[in-house]
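Novice: Under our numbering, the first residue of the sequence shown carries the number 5, and numbering increases by one thereafter.
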Amino acid sequence: MTSVPEPLLPGSMIGLLGGGQLAQMLVLAGHAMGFRFIVLDPAPNCPAALAGATQITAAYDDFAVLAELADACDVVSYEFENVNADAVAWLEERVDLPQGSQLLRISQNRLREKTFLQKLAVPVAPFQKIITEKDVTVAFEELGELMLKTVTGGYDGRGQARISSTAQIPEAFSALSQAKTEIVAEQFVPFEREISVIVARNRMGEIRCFTPAENLHKKNILTISRIPARLVPEVSEQAQTVAKKIAEGLELVGVLGVEMFVLPDGKLLVNEIAPRPHNSGHFTQNACVSSQFEQHLRAITNLALGSTELYKPALMLNILGEHLPLLLEKLKDLPPEAKLHLYGKQDCRSGRKMGHLNLTSDSLESLLEPLQKLGVWDADLLNKML
Ligand SMILES: Nc1ncnc2c1ncn2[C@@H]1O[C@H](COP(=O)(O)OP(=O)(O)OP(=O)(O)O)[C@@H](O)[C@H]1O
Ligand SMILES: [Mg+2]
5 MTSVPEPLLP GSMIGLLGGG QLAQMLVLAG HAMGFRFIVL DPAPNCPAAL AGATQITAAY
65 DDFAVLAELA DACDVVSYEF ENVNADAVAW LEERVDLPQG SQLLRISQNR LREKTFLQKL
125 AVPVAPFQKI ITEKDVTVAF EELGELMLKT VTGGYDGRGQ ARISSTAQIP EAFSALSQAK
185 TEIVAEQFVP FEREISVIVA RNRMGEIRCF TPAENLHKKN ILTISRIPAR LVPEVSEQAQ
245 TVAKKIAEGL ELVGVLGVEM FVLPDGKLLV NEIAPRPHNS GHFTQNACVS SQFEQHLRAI
305 TNLALGSTEL YKPALMLNIL GEHLPLLLEK LKDLPPEAKL HLYGKQDCRS GRKMGHLNLT
365 SDSLESLLEP LQKLGVWDAD LLNKML
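#1: Residue ranges of each alpha helix (DSSP H) run of no fewer than 4 residues wholly in the region 12-55, ordered along the chain?
#2: Output the residues surrounding ligand 2, defined as those with a CB atom closer than 7 Å to any ligand heavy atom, in chain order.
#3: Within 10 Å of its beta-carbon, does K118 have 16 or more other beta-carbons around it, so buried, or fewer, so exposed?
#4: Look up C213 in the DSSP assignment and give the residues it is bridged to.
#5: Who are the Cβ neighbours of L375 in its own chain at under 6 Å, not counting the five residues just before and after it?
#6: Who are the Cβ neighbours of M389 in its own chain at under 6 Å, not counting the five residues just before and after it?
#7: Looking at D78 and M17, is the spacing between their C-beta atoms short of 9 Å?
#8: From the DSSP output, in three-state form, read off N290 for me.
#9: What does a CB cutoff of less than 7 Å around T215 pick up in its chain, not counting 5 residues either side in sequence?
#10: If you measure between the beta carbons of V140 and I167, is that distance less than 9 Å?
#11: Count the other CB atoms within 10 Å of the CB of Q182; is the residue buried (16 or more) or exposed (fewer)?
#12: Taking 6 Å as the limit between beta carbons, can you name the residues of its chain near M5, skipping five residues before and five after?
#13: Which residues does DSSP list as the beta-bridge partners of F265?
#14: For ligand 1, is there any heavy atom lying closer than 8 Å to the beta carbon of K153?
#15: Grab the span of the alpha helix (DSSP H) containing Q299 for me, first residue to last.
#16: At what residues does the beta strand (DSSP E) containing Q59 begin and finish?
#17: On a Cα-Cα basis, can you pick out the residue from A27, K123 and K153 that is closest to Q132?
#18: Give the secondary structure of N322 by DSSP, where H, G and I count as helix, E and B as strand, and everything else as coil.
#19: For the alpha helix (DSSP H) that contains L335, what are its first and last residues?
#20: Let me know the secondary structure DSSP gives Q191 once reduced to three states.
#21: Could you check what DSSP says for G359 in three-state terms: helix, strand or coil?
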């Protein structure tokens, strides 16, 4: 019989690798639970530090600093996939690191990730490993329209190119080759919608899912999530079953975002997994009994998982750099259902995630008019989701 691990008590110190907005929201949720935080981030005044975490400003693979972090913390977590997995493996030998380096090695490499999912019998889009430009031509002949992706390092659609005709191959291949990582060609999926499920598991093997979110991307960056996703009950159930299967297969400890494509016939293909809180799970802050951030902290501190019950349907709108100036002018016009979350980032660039707006309502459709009047988000995108 495996022993039940002791929960970490309030006052315990949690270390975070990465101090961006996900770390910031972990810190905000964790302070309410009585935890303290140290974050490691190379950029000074990172969002997590703004929320009151102690920051160590250093590189993720500075081993002297990692040793210091291991000594100071009761548990360490990471908030994004692109931290050095060797550094995490080194740290894991010295401090409790429940997510583990194995999960990181899988989720930071698209080829390993897809191979792992296939082993679990989780359907993914057909894919091929690409080494030469000729391989892309062969993949195009066999799979049809493609999404070419760098195997490591991509996020928010970076390191991706869509191939709809052979004429596009040379330029796309040469652009992605710049990144000096392997490349994978995926079949372009004619999905009906994109959804995601945030699943949590703790060391006791308890697993809970949040209600599936439906996600709309613009230029490959998440713009809007609506919860619940517009799915028939069987597909919604199936999505949660798949997420739980992945969580079990990974022996996950923490939360994991599972991104999926829904085909017109209701079939699901997993696009990718993210071993941490996920942008499409931000609605949980205002629409659920427990937020995904609290849930992650519960999981890594050996607490029982919280209820994932959805109080009300929700809409989450990302505030990107291009949205922020107008939004700030319109603050007084926000509908009363709106809960504003801003990350305090200084450098406001187009496409950069500056904050998000959560809205809850029994009738999401009733939010269309006030949001269109606000004029911050693209009317077409709002129309598609409401
Ligand atoms: N094979 C595909 N077929 C159709 N659309 C795709 C495919 N792969 C990716 N996309 C589109 O591009 C978006 C971003 O892709 P993906 O999630 O793989 O990249 P990412 O850079 O890791 O993004 P993020 O970190 O924001 O999730 C997807 O959400 C989807 O809209
Ligand atoms: Mg994605």
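Beta carbons are placed, not taken as given, at the ideal position from N, Cα and C, and that holds for glycine. Note that the coordinates shown come from a computational prediction; the quantities given were computed from them, not determined experimentally.
Specialist: Answer, in terms of the structure:
#1: Those alpha helix (DSSP H) runs which fall completely within the region 12-55 and span 4+ residues are 25-36 and 51-54.
#2: Taking every residue with its beta carbon within less than 7 Å of a heavy atom belonging to ligand 2 gives, in chain order, E263, N275 and E276.
#3: By the 10 Å Cβ count, K118 comes out buried.
#4: DSSP lists V203 as the beta-bridge partner residues of C213.
#5: Contacts found: L386.
#6: Once the five neighbours on either side are set aside, the close Cβ partners of M389 are L220, I228 and R230.
#7: With contacts defined as CB atoms closer than 9 Å, M17 and D78 qualify as a contacting pair.
#8: Reduced to three states, the DSSP call for N290 is helix.
#9: Excluding positions up to five away in sequence, the list reads I231, P232 and L314.
#10: Yes, these two residues count as a Cβ contact at 9 Å.
#11: Under the 10 Å beta carbon count, Q182 is surrounded by fewer than 16 other beta carbons and is classified as exposed.
#12: Reliability fails at M5, whose pLDDT of 48 lies under 50, so the model's placement of it is uncertain and no value is given.
#13: The partner list for F265 (beta bridge, DSSP) reads E198 and L273.
#14: Yes, Cβ of K153 sits closer than 8 Å to a heavy atom of ligand 1.
#15: If you look at Q299, you'll find it in the alpha helix (DSSP H) that goes Q296 to I304.
#16: T58 to I60 is the span of the beta strand (DSSP E), which, as asked, contains Q59.
#17: Ranking the options by Cα distance to Q132, first place goes to K153.
#18: Collapsing the DSSP output to three states places N322 in a strand.
#19: L335 -> no alpha helix (DSSP H), and no H or E assigned at all.
#20: In this structure, Q191 counts as strand in the three-state DSSP scheme.
#21: Assigned with DSSP and collapsed to three states, G359 falls in strand.
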